[in-house]
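Numbering (this note's numbering), first residue to last: -3 to 237.
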């Protein structure tokens, strides 16, 4: 099938991939459960919070700009019981036309620049916060490579969630039994996400283990269940950059 890539323009391949993802969502029923794009008024207190630093680089300003655009699409959107949150359902394709800027990104297996660079920190912090809340993860993709080391890592290895428009989404289902929404605080050097709800949200204890396997790191994530037992919820190997 490689010959198809040679004759089909990249823009058309992306459109076909987006269409495929759409019909996959229809087939498995998720599409009908997606969080509505229209905002619903609510004023809930913060129940869970998570903060991450924003590491400085040549594209930090653009990254913060891209994060702010994403936040404006996600913030204060009420997620009802049973609904599915989809990153790319709420956030438009990261293009210059849609207001996004060039930033640092892991493109394929190489560190490069791309329009919308930095959005993976947004999806990553939501994934980490979702694990803390015990939400049902529907779709999550780890990065292929670990671009940080223990001196500059801003989040535990294994708590990331890469997003690629038309290919990789981050989705979870609200299985809490009540509505909630996200709110954010963003500055030049930090990002904080809040899960806001009227009812108290149980915070699950997480354990992130990173095993050095030479050419790769193996990440294993466990969550403490109510019976006191640790449950493995993900395992992945990251190549070294």
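Every residue gets a Cβ at the ideal spot worked out from N, C-alpha and C, and that includes glycine. Predicted model only: the values in this text are computed from it and were never measured.
Query	Result
Which term fits residue 236, buried or exposed, when burial requires 16 or more other beta carbons within 10 angstroms of its beta carbon?	exposed
Going by DSSP, which residues form a beta bridge with residue 226?	220
Considering just the uninterrupted stretch of the beta strand (DSSP E) at residue 60, what are its terminal residues?	Premise fails: residue 60 lies in the alpha helix (DSSP H), 56 to 70, not in any beta strand (DSSP E).
Let me know if residue 209 comes out buried or exposed under the rule of 16 or more other beta-carbons within 10 Å of its beta-carbon.	exposed
Taking the C-alpha atoms as reference points, what is the distance between residue -3 and residue 184?	Note that residue -3 scores a pLDDT of 49, beneath 50, so its modelled location is shaky; the value from the coordinates is reported in the next line. Those two C-alpha atoms are separated by around 44 Å.
Looking only at DSSP bridge pairs, what is residue 121 linked to?	DSSP lists no partner for residue 121.
Which class does residue 81 belong to by DSSP, given the choice of helix, strand or coil?	strand
Tell me whether the beta-carbon of residue 132 lies closer than 8 Å to the beta-carbon of residue 174.	no
Whose C-alpha, out of 150, 75, 145, is nearest the C-alpha of residue 51?	150
Would you kindly work out how many angstroms separate the C-alpha atoms of residue 148 and residue 122, rounded to a whole number?	20 Å
Under 8 Å, do residue 74 and residue 36 count as touching if we go by C-beta distance?	yes
Tell me the DSSP secondary structure of residue 28 in three-state form.	helix
From the DSSP secondary-structure annotation, give me the bridge partner or partners of residue 94.	For residue 94, which the question treats as bridged, DSSP gives no partner whatsoever.
Look up residue 108 in the DSSP assignment and say whether it is helix, strand or coil.	strand
Rounded to whole angstroms, what's the CA-CA distance from residue 218 to residue 40? Just pull it up for me.	29 Å
Would you say residue 97 and residue 107 are within 8 Å of each other, going by their C-beta atoms?	no
I want to know whether the stretch 42 to 50 touches the stretch 130 to 144 - three or more CB-CB distances under 8 Å.	no
Need the endpoints of the beta strand (DSSP E) that residue 190 sits in, please.	186 to 192
Starting from residue 43, follow the beta strand (DSSP E) in both directions and report where the run begins and ends.	42 to 49
Taking 8 Å as the cut-off, does the stretch 49 to 69 touch the stretch 108 to 116 (at least 3 CB pairs, one atom from each stretch)?	yes
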